[in-house]
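Residues in the sequence shown are numbered consecutively from 2, following the numbering used here.
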Amino acid sequence: MGIVAPALPAFATSFDVGVTAAGFIVSAFAMMRLLFAPLSGRLVSAAGERTIYVIGITIVGISSTACAFADSYWQLLVFRALGGIGSTMFTVSGVGLLIRLSPPHLRGRASGVWATSFLLGNVSGPIVGGVMVGYSLRLPFVTYGVALFAAAFLGWFMLRKSTLAAPLGDDATPSMPLGEAMRMRSYVASLLSNFGNGWAVFGVRIALVPLFVVEALKAPQSMSGIALSVFAVGNAGVLLLSGRMTDRHGRKPMVLIGLVVSGVATASLGFTTSVPVFLVASLVAGMGAGVLNPAQNAAVADIIGGNRRGGTVLATFQQAADLGAILGPLIAGVLADTVSYQAAFLVTGATAALGLLAWVRAPETRPHPESGTEHVRAAA
């Protein structure tokens with residue numbers, strides 16, 4: 002969705018609504034993802050990954066194309082929200098495909114390619130979208146829709162002979178109950194840090210950054226796309242190093258560093274008075290998120306362990322980020338409208354403190370190689 006990120010807030014405000022209403026467009030998408038995540042998992046089990054993957058991408062393509070032809074704020078809101086349903090369908094099924102198609106000894110590299118593809122979109126999409134908004138705020142939505150229709154066709158064509166559309170058979174592998182995970186301080190801390198990450202990265206960054214760049218910094222609309230891409234560059238630049246350091250030094254130290262860096266840098270965004278300083282702060286915030294994510298994801302994997310399934314545990318972890326992406330634009334939008342952009346970004350940066358305080362008290366989850374055990378006992 003990087004290509005529509007520079008256009009979405011400005012397109013919403015073009016219907017004579019405020020920052021709060023523009024932020025709700027972003028929140029509505031995340032809200033539908035949050036609500037339909039459990040159903041998407043059941044659909045994948047019933048109809049298979051291939052079918053749900055293609056249907057999900059197609060729904061988002063239809064949603065994006067419809068957004069381009071919206072004649073009112075409420076039409077834009079409905080069309081964008083419906084895209085959230087398709088988004089969670091193809092995300093859940095895509096991860097399922099990744100797991101089922103990748104042999105165990107290649108899953109790490111396959112996951113890296115998966116993450117890299119998203120980062121490439123996050124880097125290039127806002128730049129392309131930023132150029133397009135100079136011609137039309139509707140153009141990025143049409144372009145995104147066409148690209149998604151092409152992706153849906155390629156997905157169907159390349160998997161048309163696959164047996165992955167069949168429902169999963171009985172699996173004797175035990176599942177980790179959510180209640181067991183919730184009794185672990187490290188898991189609760191991961192939920193809080195992912196909530197703050199969703200608030201800042203998937204919510205406020207998309208909803209407020211383009212508006213702040215144009216309205217507060219008086220920069221051209223195309224600069225908002227560059228600002229979003231700079232964040233993604235900082236994120237991508239540290240991912241590999243952060244992953245190695247997480248395995249070498251543990252999950253907790255890297256999570257703490259990531260939360261501090263991303264929180265401080267995000268809070269400072271609203272106090273910048275020039276585009277170059279704003280871009281530097283965005284770069285640092287992206288680096289902080291890049292340090293945080295591999296570590297907190299590895300911590301959740303440690304908690305589940307490799308000898309049992311953790312679908313509900315993983316889904317709840319992802320839903321924490323979706324909840325942050327819903328609340329972040331709404332609360333920050335209200336603050337920007339009624340107080341200031343400084344207050345909006347300051348509160349956004351402060352959400353990292355929730356995870357920081359929880360992680361300070363949480364134990365390390367990285368298994369000790371000499372112990373031969375994979376499970377982590379991090380009970381509260």
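By construction, the Cβ of each residue, glycine as well, lies at the ideal position given by its N, Cα and C atoms. What you are looking at is a predicted structure, and each value in this text was computed from that prediction instead of being measured.
Query	Result
CB-CB under 8 Å to serine 223, same chain, minus the five flanking residues each way: which ones, in chain order?	Pro7, Gly131, Val132, Val134, Gly135
One question on the structure: do isoleucine 391 and alanine 22 come within less than 8 Å of each other, judged by their Cβ atoms?	The requested residue 391 does not occur in the structure, where the chain is confined to residues 2 to 381.
How many angstroms separate the CA atom of leucine 257 from the CA atom of alanine 268?	16 Å
Taking glycine 289 as the reference, give the member of Pro221, Ala233, Ala299 with the closest Cα.	Ala233
Since serine 225 and alanine 296 should fall inside the 8 Å C-beta cutoff, what is the C-beta to C-beta distance between them, to a whole number of angstroms?	Incorrect: roughly 29 Å between the Cβ atoms, too far for contact.
So, are the CB atoms of glycine 42 and valine 61 less than 8 Å apart?	no
Let me make sure I understand the geometry here. Which of Val45, Thr274, Gly329, Ala71 has the alpha-carbon closest to that of serine 15?	Ala71
Near alanine 266, which residues of its chain fall below 7 Å by C-beta distance, leaving aside the five closest residues on each side in sequence?	Ala282, Val285, Ala286, Gly289
Rounded to whole angstroms, what is the Cα-Cα separation between threonine 374 and proline 368?	No answer about threonine 374 holds up, because its pLDDT of 49 lies below 50 and its placement is not dependable.
Less than 8 Å between the beta carbons of glycine 271 and leucine 357, yes or no?	no
For methionine 90, which beta-bridge partners are listed by DSSP?	According to DSSP, methionine 90 bridges with nothing at all.
Measuring only the C-alpha atoms, how far is glycine 95 from threonine 52?	11 Å
Out of Ala38, Val27, Ala11, Val5, point me to the one whose CA is closest to valine 314's CA.	Ala38
Should leucine 324 be labelled buried (16 or more other beta-carbon atoms within 10 Å of its own) or exposed?	buried
Could you tell me the alpha carbon to alpha carbon distance between valine 292 and tryptophan 157, rounded to whole angstroms?	35 Å
Determine the DSSP secondary structure at valine 340, reduced to helix, strand or coil.	coil
By how many angstroms is the C-alpha of glutamate 50 removed from the C-alpha of leucine 98?	6 Å
Measure the C-alpha to C-alpha separation of alanine 69 and alanine 13 and round it to an integer number of angstroms.	11 Å
Are the CB atoms of serine 191 and valine 301 nearer to each other than 8 Å?	yes
Please state whether the Cβ-Cβ distance between threonine 366 and serine 187 is less than 8 Å.	yes
Which residues in the same chain have their Cβ closer than 8 Å to the Cβ of leucine 107, if we skip the five residues on either side of it in sequence?	With a pLDDT of 49 at leucine 107, under the threshold of 50, the modelled position of that residue is not reliable, and no figure is offered here.
If you follow the alpha helix (DSSP H) that serine 243 is in, where does it begin and where does it stop?	222-250
As a quick exercise: from Val45, Val189, Gly24, pick the residue whose alpha carbon is nearest that of leucine 77.	Gly24
Taking C-alpha atoms, which residue in Arg206, Gly126, Val129, Leu44 lies nearest to threonine 92?	Leu44
Once DSSP output is grouped into helix, strand and coil, what is the label at alanine 363?	coil
Between the alpha carbons of threonine 66 and glycine 251, how many angstroms are there, rounded?	44 Å
Just verifying my parser: in three-state terms, what is the DSSP assignment at alanine 71?	coil
Between alanine 351 and valine 340, what straight-line distance do the alpha-carbon atoms span, to the nearest angstrom?	16 Å
By a C-beta neighbour count over all protein chains shown, 10 Å radius and 16 as the cutoff for buried, is isoleucine 4 buried or exposed?	buried
Below 8 Å on the Cβ atoms is my contact criterion, and I expect proline 211 with alanine 11 to pass it. Report the Cβ-Cβ distance as a whole number of Å.	6 Å
Taking Cβ to Cβ, would you say alanine 344 is nearer than 8 Å to leucine 336?	yes
From leucine 9 to isoleucine 26, what does the alpha carbon distance come to, in whole angstroms?	8 Å
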